[in-house]
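Here's the structure we're looking at; comments come further down.
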Amino acid sequence: MRLYLFSSGYISCERSVFVVDGGNKRVHVPTPFYLIKHNGKNILFDTGNAASYIGKTVNEERGEAGVVMSGKEWAPNAIESVGVTREQIDIVILSHLHSDHVGTADQFPNATIIVRRKEYDYAIRPDYFMTRVYSVFNDMPDLDYYFIKGDEAFDVFGDGCLVLISTPGHTPGHQSLILQTQESGIIVLTADACYTSQNLDQSLLPSDLVCDRTSYLSQISRFRLYEKTGAMIITGHDADGWETYRHAPNFYE
81 MRLYLFSSGY ISCERSVFVV DGGNKRVHVP TPFYLIKHNG KNILFDTGNA
131 ASYIGKTVNE ERGEAGVVMS GKEWAPNAIE SVGVTREQID IVILSHLHSD
181 HVGTADQFPN ATIIVRRKEY DYAIRPDYFM TRVYSVFNDM PDLDYYFIKG
231 DEAFDVFGDG CLVLISTPGH TPGHQSLILQ TQESGIIVLT ADACYTSQNL
281 DQSLLPSDLV CDRTSYLSQI SRFRLYEKTG AMIITGHDAD GWETYRHAPN
331 FYE
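To convert, take the position in the sequence shown, counting from 1, and add 80; that gives my numbering.
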């Protein structure tokens, strides 16, 4: 197995968006997606931002917030840096269906899309305060979905190497991915079930975009336990932690 880390640009915003009472310091927050090579297959975990963000700018002096992304950071282009084309993606796993995770899910013509049924159903008819963040998903054509029903763990290959776990809180059907690698041990990709290492270490909520705060904190406790047993925890939008990881074309295996 090989795990490659990418970011489809960054979100320019105040730290308090991702950590409650985090202050107004301006940060550049990664919007990660991951390529996994395993058993001769190419798997994406999340797909980053849509092409509509390429070349857009954010006026930070005026306090604007938004996505900044170059064409080479757009997921279908970025994966070519490690020798994979969009046609060679076999499986796309979506942690949830917010715009910065589902942005290019329709760009991989041969992929099966794995998502929780609960997340899909909620995304079609979200609460009013979540409508905007599901807009990219709701504008997409119908894709080749495989739905995971309920909250059970799902072993993608049946070999214990890629296991999806239900981690609701951020959204009703959020899921995270546990990888069993040969050299790096267990790696947990939390996605938005835990935004930053500060959320993890101090059991802190983000400021907004949380459907169930109790469930969100429950997932953080779970990740803390995984970390205590030796797992590497890669959080979802960590401006500080992101720089400590290996980025593609480097990889974990």
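C-beta atoms are modelled at their ideal positions from N, C-alpha and C, and glycine is treated no differently.
Contact between residue 255 and residue 245 holds, with the beta-carbon distance rounding to 6 Å and staying under 8 Å. Residue 271 is bridged by DSSP to 315. Only residues of its own chain outside the window of five on either side were considered, and among them 258, 306, 311, 313 have a CB closer than 6 Å to the CB of residue 268, listed in chain order. Around the beta carbon of residue 196, a 10 Å sphere encloses 16 or more other beta carbons of the protein chains shown; the residue is thus reported as buried. It is roughly 33 Å from the alpha-carbon of residue 227 to the alpha-carbon of residue 108.
With fewer than three CB-CB distances shorter than 8 Å, the stretch 216–233 does not count as touching the stretch 148–168. With contact defined as three or more Cβ pairs closer than 8 Å, the stretch 117–126 and the stretch 293–308 are not in contact. Taking a C-beta distance under 8 Å as the contact criterion, residue 315 and residue 284 do not qualify as a contact pair.
Residue 262 sits in coil when the DSSP states are folded into three classes, being neither helix nor strand. In chain order, 122 place their CB closer than 6 Å to the CB of residue 164, counting only its own chain and leaving out the 5 sequence neighbours on each side. The beta-carbon distance between residue 204 and residue 125, rounded to whole angstroms, is 22 Å. This is too long to meet the 8 Å contact definition. Beyond the five residues adjoining it in sequence on each side, residue 157 comes within less than 8 Å, by CB distance, of 151 in the same chain, given in chain order. With 16 or more other CB atoms across the displayed protein chains lying within 10 angstroms of its CB, residue 198 is buried. Within 10 angstroms of the beta-carbon of residue 272 lie 16 or more other beta-carbons, which makes it buried. For the options 224, 206, 161, the alpha carbon positioned closest to that of residue 187 is the one of 224.
Apart from sequence neighbours up to five positions away, the residues of its chain that approach residue 300 with a beta-carbon distance below 7 Å are 274, 279, 280, 283, ordered along the chain.
In the DSSP assignment, residue 308 is bridged to no other residue. Listed in chain order, the alpha helix (DSSP H) elements of length 4 or more contained wholly in the stretch 174–216 are 179–182, 197–204. Membership of residue 156 in the alpha helix (DSSP H) is indicated by the continuous run 155–158. Residue 322 and residue 276 have their C-alpha atoms spaced approximately 9 Å apart.
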